[in-house]
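Trainee:
Chains as they are written, first to last, in this note's numbering: chain A, 159 to 460; chain B, 284 to 400.
1. Note down, in chain order, all residues in the segment 306 to 318 of chain B with a beta-carbon under 8 Å from any beta-carbon belonging to chain A.
2. Please name the residue or residues paired with residue 367 of chain B in a DSSP beta bridge.
3. Would you kindly work out how many angstroms separate the C-alpha atoms of residue 250 of chain A and residue 220 of chain A, rounded to a whole number?
4. Beta-carbon within less than 7 Å of residue 240 of chain A's beta-carbon, same chain only, minus the 5 sequence neighbours each way: which residues are those?
5. By the three-class DSSP mapping on this structure, what secondary structure does residue 409 of chain A have?
6. In the DSSP output, which residue or residues are listed as bridge partners for residue 331 of chain B?
7. Would a check of beta-carbon distances place residue 219 of chain A closer than 8 Å to chain B?
8. Cα separation between residue 332 of chain A and residue 353 of chain A?
9. Go through its chain and collect everything with a Cβ distance to residue 340 of chain B's Cβ below 6 Å, but skip five positions before and after it.
10. With three or more C-beta pairs closer than 8 Å as the rule, is the segment 432 to 446 of chain A touching the segment 397 to 410 of chain A?
11. How about residue 378 of chain A: is its C-beta nearer than 8 Å to some C-beta of chain B?
12. If you draw a straight line from the alpha carbon of residue 182 of chain A to that of residue 322 of chain A, how long is it in whole angstroms?
13. Quick check: the Cα distance between residue 369 of chain A and residue 305 of chain B, rounded to an integer number of angstroms?
14. For chain A, find out if any of its Cβ atoms is closer than 8 Å to the Cβ of residue 368 of chain B; answer yes or no.
15. Taking the alpha helix (DSSP H) that residue 246 of chain A falls in, what are its first and last residues?
16. Output, in chain order, the set of chain A residues within a Cβ distance shorter than 7 Å of residue 325 of chain B.
17. At a CB-CB cut-off below 7 Å, which residues of chain B make contact with residue 222 of chain A?
18. Tell me whether residue 275 of chain A is buried or exposed, calling it buried when 16 or more other Cβ atoms sit within 10 Å of its Cβ.
19. So, at 7 Å on beta carbons, what are the nonlocal neighbours of residue 363 of chain A in its own chain, with the 5 sequence-adjacent residues on each side left out?
20. Pull out every residue of the segment 178 to 208 of chain A whose Cβ sits closer than 8 Å to any Cβ of chain B, in chain order.
21. Between the alpha carbons of residue 336 of chain B and residue 336 of chain A, how many angstroms are there, rounded?
22. For the segment 311 to 380 of chain A, which segments carrying the beta strand (DSSP E) assignment without a break, of at least 3 residues, lie completely within its bounds, in sequence order?
23. Would you mind stating whether residue 174 of chain A and residue 189 of chain A have Cβ atoms separated by less than 8 Å?
Structure representation (structure tokens):
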């Protein structure tokens with residue numbers, strides 16, 4: 159066996175690290191051995207055959223990688239539920255932080271959307287929007303995952319289901335957003351308070367629907383169908399409360415910032431609304447720590 | 284096996300069927316399975332290593348094949364090679380697939396004969 163074949167086999171071995179860990183543990187060495195044997199046999203005939211064997215292997219690898227990773231996800235990791243328990247204070251804090259960062263990112267993206275619109279085609283822009291709008295729920299899910307102390311693999315499941323909820327929410331709210339755009343186009347015909355009311359109601363409708371689907375996605379990740387129903391409702395309430403309370407708090411804060419700095423940064427509004435929505439979500443999901451009961455005191459056997 | 288479960292597994296993919304049939308002659312190690320499949324299919328089906336092992340993994344999980352120790356003859360690097368064998372369940376699956384293919388063939392033959400007439 160030549161040194162070049164040994165080198166190629168080593169590279170192949172490195173590529174096999176892309177397979178799930180369990181698969182690697184079970185088959186990696188065997189696969190490298192068979193691959194090396196294939197190359198050694200091809201080398202006896204011609205160098206072209208060696209190149210062909212490598213190419214053939216490379217072409218087949220991505221599909222099999224995908225199949226194997228999907229099978230890992232299918233095999234319980236994605237559907238499997240686990241018992242979760244959030245301490246209320248930590249859940250509030252972490253969910254609020256996740257949501258806040260996510261919503262600020264949406265706001266930042268919103269400021270560059272016109273620039274992006276000049277560069278990207280419409281479908282790509284919509285895709286970017288869809289992805290960005292999944293960020294708050296994904297971050298919130300990750301934070302809740304940290305609070306619940308879930309395993310490393312569970313984060314993938316949480317991320318995927320939360321993103322699925324986010325995408326679904328974005329798609330479902332499409333008609334509401336279209337109506338809102340149509341209303342805003344006739345902004346000149348409204349008085350200031352009518353304009354603000356319409357804006358708030360649309361925002362409420364969009365974000366409550368979002369909250370519902372985002373919550374459903376998170377719930378599915380954390381507790382299967384049962385969690386899905388529970389989290390969906392909590393998500394809706396959290397967003398409704400977060401928006402209403404956040405909107406009024408943020409208006410007051412923004413006007414004060416404007417007074418002092420001469421700026422009215424919209425990310426303040428969004429971060430307050432996000433933090434409140436996340437906080438409410440965390441509050442509903444978390445549990446108060448039960449005081450430790452002394453078994454001796456409980457039974458009265460002093 | 285329940286008929287509903289049989290519906291889920293049949294028809295088998297060509298790769299799966301060839302691997303099962305290659306093991307029907309006796310236990311083989313991975314490299315030998317690949318070569319046997321190539322020979323059985325007259326060089327039509329050439330398995331990549333990743334396809335071979337992802338399929339073997341699935342067959343092992345389904346209990347259609349099993350590992351039976353190591354080949355006494357080591358590979359070129361001197362490492363022992365793991366040997367795979369068809370299980371009773373695997374043999375049963377081949378039987379089911381054989382019946383399905385025979386029925387299909389009979390149907391095609393009947394149809395062709397009618398059309399010829």
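The C-beta atom is built at its ideal place from N, Cα and C for all residues, glycine as well.
Mentor: According to the structure shown:
1. 313, 314, 317
2. B/311, B/350
3. 41 Å
4. A caution first: residue 240 of chain A carries a pLDDT of 47, below 50, which makes its placement in the model too unreliable to give a value.
5. helix
6. DSSP lists no partner for residue 331 of chain B.
7. yes
8. 20 Å
9. none
10. yes
11. no
12. 29 Å
13. 54 Å
14. no
15. 246 to 277
16. What residue 325 of chain B touches in chain A: nothing, since even the nearest Cβ is about 18 Å away.
17. 333, 334, 337
18. exposed
19. 334
20. 181, 184, 185, 187, 188, 189, 191, 192, 193, 194, 195, 196, 198
21. 50 Å
22. none
23. yes
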